[in-house]
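If you read the protein sequences in the order shown, they are chains W and E. By the count of our numbering, the first sequence reaches residue 218 at its end, each step adding exactly one. By the count of our numbering, the second sequence reaches residue 436 at its end, each step adding exactly one. Don't be surprised by glycine CBs; every beta carbon is placed ideally from N, CA and C. Quick caveat: nothing in here was measured; it's all calculated off a predicted structure. These notes concern the structure reproduced below.
Protein chains: 2
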Amino acid sequence: MKELLKQTLPFWEDLTGNEQNTLAQGVVKSSYEKGNVLHYGGRECAGVQIIKSGQARVFVTSPGGGEITLFRLLEGDVSILSAACMMKGLDIELDMEIEEDSIIYTIPKVLYKDISDQNTTVKDYTLEMISEKFSDIMWLFNQYVFSNVASRLADTILEHRALAGSDTLAITHDVLARDIGTAREVVTRLLKQFQIDGLVKLTRGRIEVLDGANLGKV
Amino acid sequence: MKELLKQTLPFWEDLTGNEQNTLAQGVVKSSYEKGNVLHYGGRECAGVQIIKSGQARVFVTSPGGGEITLFRLLEGDVSILSAACMMKGLDIELDMEIEEDSIIYTIPKVLYKDISDQNTTVKDYTLEMISEKFSDIMWLFNQYVFSNVASRLADTILEHRALAGSDTLAITHDVLARDIGTAREVVTRLLKQFQIDGLVKLTRGRIEVLDGANLGKV
DNA sequence: CTTGTTTTGTGATTTTGTCACAGAAGAATC
DNA sequence: GATTCTTCTGTGACAAAATCACAAAACAAG
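Shown next, in the form of structure tokens:
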């Protein structure tokens, strides 16, 4: 247990032995199945989450049902936004969908807050993590506002390729549509064109990247 | 001078007399004329800025020349994002356009950083301000992604009305287009429709809100 | 080898963005 | 006060993307 915390929390060594113990004892382990959806927002949130195994997708939702993926959490990632509610001034609504059966350790918000109040290194870490996510989302915002759908789609496919570490992706048009915040039909039509252009090869539930270099230039 | 700092910086009273003096002496005063554009981003930034008088608009720019306004700075506001470069992990590109002749006091980034490193209250303030901006931009992102242009336009008009404190706004279609990140022609067409619907009255360089209540429901 | 479910494909329509100008309102100059 | 000049607004034509409404495959399970 302490081993996991030591590996994932950069400030671990700066904690006192006492703080380390409190943390290690307070951490809560949970398992989630693929398809589960958690919600953070308003005045309620889980706390700082550590992904022990599995994969999750953090996204925003429109009243009309539309979605756009902000980022994914992979094994070893630490999610600070799931503790947003404890930050003064930070009031955002997020959903998290478990994409692969996951085991997640949660540092309850009160526990994290106490340690953060006492320990400057932890506070610095929090600020840094928030800043990082802020940057990520600014980047996404720019992409969304200023790029056309085709190039956003191409980028997402390349991201998924990097994630999978393979040219063959087990992914549906629907997932891609949710990632980039558009309609499934639009993705289908564009992929069709990508295939005609020789960039990808399509089969049901599967996309094979044939020409990553040119896909990146779309 | 100290008076201004005391009024705008909530952590002022928590500083030591020494820190207060260092700050007061280090602050730089500058004046900017309407139309000036400043850029923050990458590894360079001004520092924490205090708007003594005037008005400015902070926005992002696309390679193709498109713009979208993130927020405005008014008299008495403190801009923390203009010091983004000193925050580890926070790497964003922003522009700031002076909309009214302004006098701005800047706390140089090194100075702010030193004080922030020594004083927990200042660090808390920084985290809170960043979080607030993060929230604002998440809200904007949601608006942009999930609302149609008409309702975004209506909302912006109402914001400008609140800002001006009057139903008659001295504003051009172009400004509104930059605010909501669309083309000027689109704004012209929509405003035309708003006028037909009896929501606003249009004259050159001027929009009069006739029915704010229904404009909010667009 | 049916029956269901998930995924993909397509046409028709609407909304929004882009391009290319034309016209109008004010400001500046003669 | 008439004329240029500049800024702002209006519009038609077209392209890109979103939305709606289904149909057709592909696969899974019984």
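Looking at the backbone, the Cα of tyrosine 105(W) and that of threonine 16(W) are separated by about 21 Å. In this structure, the alpha-carbon of valine 110(W) lies about 25 Å from that of arginine 57(W). Beta-bridge pairing by DSSP links valine 418(E) to Val427(E). Contact check for lysine 252(E) against aspartate 319(E) passes: the beta carbons are separated by less than 8 Å. Nearest to isoleucine 298(E) by alpha-carbon distance, out of Ile316(E), Ile325(E), Gly284(E), Phe277(E), is Ile325(E). Beta-bridge annotation (DSSP): proline 10(W) is not paired with any residue. Excluding its 5 nearest sequence neighbours in each direction, aspartate 232(E) has C-beta neighbours in its own chain below 6 Å: Thr339, listed in chain order.
Neighbours of leucine 308(E) in chain W, taken as residues at a C-beta separation under 7 Å, are given in chain order as Ser131, Phe134, Ser135. Comparing alpha carbon positions, the residue from Phe229(E), Asp309(E), Gln238(E) closest to valine 296(E) is Phe229(E).
About 3 Å separates the CB atoms of glycine 399(E) and isoleucine 286(E); that is less than 8 Å, so the two are in contact. Within chain W, no residue has its CB atom less than 7 Å from the CB of lysine 331(E), the nearest being about 12 Å off. Between valine 266(E) and alanine 301(E), the C-beta gap is smaller than 8 Å, which places the two residues in contact. At least 8 Å separates the CB of threonine 421(E) from every CB of chain W. If you look at methionine 138(W), you'll find it in the alpha helix (DSSP H) that goes 120 to 146. Following the DSSP letters along the chain, one finds arginine 72(W) in no alpha helix (DSSP H) but inside the beta strand (DSSP E) bounded by residues 67 to 74. At the C-beta level, serine 131(W) and leucine 308(E) come within 8 Å of one another.
Residue-level contact check: phenylalanine 146(W) touches chain E, since one or more beta carbons of chain E fall below 8 Å from its beta carbon. Residue-level contact by beta carbon holds for asparagine 360(E) and chain W, with a gap shorter than 8 Å. Taking 8 Å as the CB threshold, leucine 387(E) stays off the interface with chain W. With contacts defined by Cβ atoms closer than 8 Å, leucine 215(W) and leucine 199(W) form a contacting pair. In the DSSP assignment, valine 27(W) falls outside any alpha helix (DSSP H) and carries neither an H nor an E.
Those residues of the segment 276 to 289 of chain E placed with their C-beta closer than 8 Å to a C-beta in chain W are Val278, Ser280, Pro281, Gly282, Gly284, Ile286, ordered along the chain. Counting every other CB atom within 10 Å of its CB across the protein chains shown gives isoleucine 414(E) a total below 16, marking it as exposed. When 9 Å is used as the limit between beta carbons, glycine 212(W) is near no residue of chain E, the shortest such separation being about 23 Å.
Under the Cβ criterion of 8 Å, glycine 265(E) is not counted among the residues facing chain W.
Within the segment 396 to 422 of chain E, Gly399 place their CB atoms closer than 9 Å to a CB of chain W, listed in sequence order. Listed along chain W are Leu127, each with a C-beta nearer than 9 Å to that of threonine 344(E).
Between leucine 408(E) and methionine 314(E) the beta-carbon gap is near 27 Å, outside 8 Å, which marks them as no contact. In this structure, the straight-line span from the alpha carbon of methionine 304(E) to that of arginine 204(W) is close to 48 Å. Within the same chain, and ignoring the five residues on either side of arginine 402(E) in sequence, the residues whose Cβ sits closer than 8 Å to its Cβ are His391, Asp392, Ala395. Counting every other CB atom within 10 Å of its CB across the protein chains shown gives valine 278(E) a total of 16 or more, marking it as buried. The residue from Lys133(W), Gln7(W), Thr168(W), Lys88(W) with its alpha-carbon nearest to that of lysine 113(W) is Lys88(W). Membership of isoleucine 325(E) in the beta strand (DSSP E) is indicated by the continuous run 312 to 326. For asparagine 36(W), same chain residues with a beta-carbon under 7 Å away, outside a window of 5 residues either side, are Ile98 in chain order. One thing to note: isoleucine 389(E) has its Cβ no nearer than 8 Å to the Cβ of isoleucine 355(E). Under the three-state reduction of DSSP output, serine 53(W) falls in the strand class.
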